[in-house]
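Residue numbers (the working numbering): 5 to 372.
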């Protein structure tokens with residue numbers, strides 16, 4: 005059995021990243037002998053912090069401790085960190101000691117310059133990155149990317165996707181509603197969710213007096229945009245159709261999903277200047293739930309012809325609720341009931357966004 009190490013740079017400080025690390029290690033552990041190594045950044049004095057900002061200086065990380073734990077590896081799977089002199093030196097040392105070791109670095113976003121270095125205080129680290137990442141091609145064998153790039157910074161890529169543990173997500177149950185559609189959005193509500201587009205759409209839909217389906221909106225969760233959505237719903241006299249819930253988990257949330265028909269993803273990615281294909285975990289959760297979804301941004305794992313998703317424009321335009329009703333009618337006509345519909349969507353999730361599916365290119369490369 006091949007032996008390897010999963011290396012990250014204090015990824016456990018984020019709950020979301022920590023869960024992903026666990027899922028990836030579990031999947032790699034089904035095939036290989038794998039251990040986790042966390043490269044920590046020890047406390048630094050103010051003088052040390054200032055000196056560390058110089059272009060050729062390195063971020064203080066416990067590389068020596070990590071090197072001491074690595075023994076005869078066949079591969080290293082790594083979550084990307086900011087490149088600097090010591091970072092490049094770490095991979096140089098690995099390759100010198102273990103020439104046949106495959107070094108695989110996951111680029112969990114790409115391009116990442118705007119995301120990571122947009123703030124003024126990040127510029128010293130951006131300079132380091134620009135200086136040292138071209139040197140990685142001497143030591144790194146593959147980048148894992150969620151994009152379609154065949155090569156990044158001179159390094160060949162493995163194509164993957166953001167994945168989840170599909171089995172840990174409870175599939176929806178219940179029956180279709182008659183003449184009623186319940187939309188559900190579950191999120192920590194931020195600008196990029198753009199749910200105001202749905203609320204404005206409901207205002208237009210009900211103002212026509214020709215609504216043949218009752219369409220309800222359930223927004224679950226808190227966040228900085230929640231008050232804005234509440235004010236908008238009240239202003240447009242939609243309290244009968246728009247319901248707000250606090251953050252819910254477990255059985256309470258599952259029951260609400262069971263009573264809902266269509267899941268919402270993001271409708272405001274344009275506010276962040278993002279016009280590519282979205283790989284957000286929320287889209288994976290909707291698929292794993294077995295729910296049709298609507299979104300304001302193309303989803304990376306869904307072809308344009310996918311019948312159980314409706315993609316609206318990635319801009320500030322009001323979402324046409326009549327189109328949602330038409331989409332829902334079409335979806336219902338394609339199946340004999342909610343269970344059959346849910347099973348089809350769930351199966352797609354298992355085949356395309358389960359950890360087994362998204363990690364397969366990595367597993368095949370390591371095993372090859």
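We put the beta carbon where it would ideally sit given N, CA and C, even for glycine.
For residue i, name the three-state secondary structure that DSSP assigns.
{"i": "residue 138", "result": "helix"}
{"i": "residue 1", "result": "The structure shown does not extend to residue 1, since the chain spans only 5 to 372, so no value can be given for it."}
{"i": "residue 266", "result": "strand"}
{"i": "residue 189", "result": "strand"}
{"i": "residue 353", "result": "helix"}
{"i": "residue 242", "result": "coil"}
{"i": "residue 340", "result": "coil"}
{"i": "residue 219", "result": "strand"}
{"i": "residue 334", "result": "helix"}
{"i": "residue 65", "result": "coil"}
{"i": "residue 315", "result": "strand"}
{"i": "residue 74", "result": "coil"}
{"i": "residue 259", "result": "helix"}
{"i": "residue 155", "result": "strand"}
{"i": "residue 143", "result": "coil"}
{"i": "residue 17", "result": "helix"}
{"i": "residue 253", "result": "coil"}
{"i": "residue 47", "result": "coil"}
{"i": "residue 60", "result": "coil"}
{"i": "residue 115", "result": "coil"}
{"i": "residue 194", "result": "coil"}
{"i": "residue 213", "result": "coil"}
{"i": "residue 122", "result": "coil"}
{"i": "residue 321", "result": "coil"}
{"i": "residue 128", "result": "helix"}
{"i": "residue 28", "result": "helix"}
{"i": "residue 178", "result": "coil"}
Give a single yes or no on whether residue i has its beta carbon closer than 6 angstroms to a heavy atom of the ligand GDP.
{"i": "residue 304", "result": "Because no ligand of any kind appears in the structure shown, any question about the ligand GDP cannot be addressed here."}
Quick one: using the 10 Å Cβ neighbour count with 16 as the cut-off for buried, is residue i buried or exposed?
{"i": "residue 133", "result": "buried"}
{"i": "residue 94", "result": "buried"}
{"i": "residue 55", "result": "exposed"}
{"i": "residue 200", "result": "buried"}
{"i": "residue 146", "result": "buried"}
{"i": "residue 167", "result": "buried"}
{"i": "residue 368", "result": "exposed"}
{"i": "residue 276", "result": "exposed"}
{"i": "residue 28", "result": "buried"}
{"i": "residue 15", "result": "buried"}
{"i": "residue 77", "result": "buried"}
{"i": "residue 53", "result": "exposed"}
{"i": "residue 185", "result": "buried"}
{"i": "residue 172", "result": "exposed"}
{"i": "residue 88", "result": "buried"}
{"i": "residue 50", "result": "exposed"}
{"i": "residue 205", "result": "buried"}
{"i": "residue 309", "result": "exposed"}
{"i": "residue 11", "result": "buried"}
{"i": "residue 5", "result": "exposed"}
{"i": "residue 149", "result": "buried"}
{"i": "residue 75", "result": "exposed"}
{"i": "residue 65", "result": "buried"}
{"i": "residue 380", "result": "Nothing can be reported for residue 380, as the shown portion of the chain is limited to 5 through 372."}
{"i": "residue 38", "result": "buried"}
Write down the C-beta distance between residue i and residue j rounded to the nearest angstrom, noting that I regard them as a contact closer than 8 angstroms.
{"i": "residue 207", "j": "residue 240", "result": "4 angstroms"}
{"i": "residue 363", "j": "residue 31", "result": "5 angstroms"}
{"i": "residue 303", "j": "residue 333", "result": "Wrong, their Cβ atoms sit about 22 angstroms apart, outside the cutoff."}
{"i": "residue 109", "j": "residue 98", "result": "Going by Cβ atoms, the distance from residue 109 to residue 98 rounds to 12 angstroms, so no, they are not a contact pair."}
{"i": "residue 195", "j": "residue 272", "result": "6 angstroms"}
{"i": "residue 261", "j": "residue 176", "result": "5 angstroms"}
{"i": "residue 224", "j": "residue 178", "result": "Between residue 178 and residue 224 the Cβ distance is about 17 angstroms, and since that is not below 8 angstroms, they are no contact."}
{"i": "residue 140", "j": "residue 92", "result": "6 angstroms"}
{"i": "residue 365", "j": "residue 164", "result": "6 angstroms"}
{"i": "residue 219", "j": "residue 325", "result": "6 angstroms"}
According to DSSP, residue i sits in a beta bridge with which residue or residues?
{"i": "residue 163", "result": "149"}
{"i": "residue 37", "result": "7"}
{"i": "residue 247", "result": "222"}
{"i": "residue 81", "result": "10, 108"}
{"i": "residue 358", "result": "168"}
{"i": "residue 184", "result": "218"}
{"i": "residue 42", "result": "12"}
{"i": "residue 303", "result": "282"}
Quick one: complete alpha helix (DSSP H) runs, 4+ long, within the stretch 265-298? 285-293
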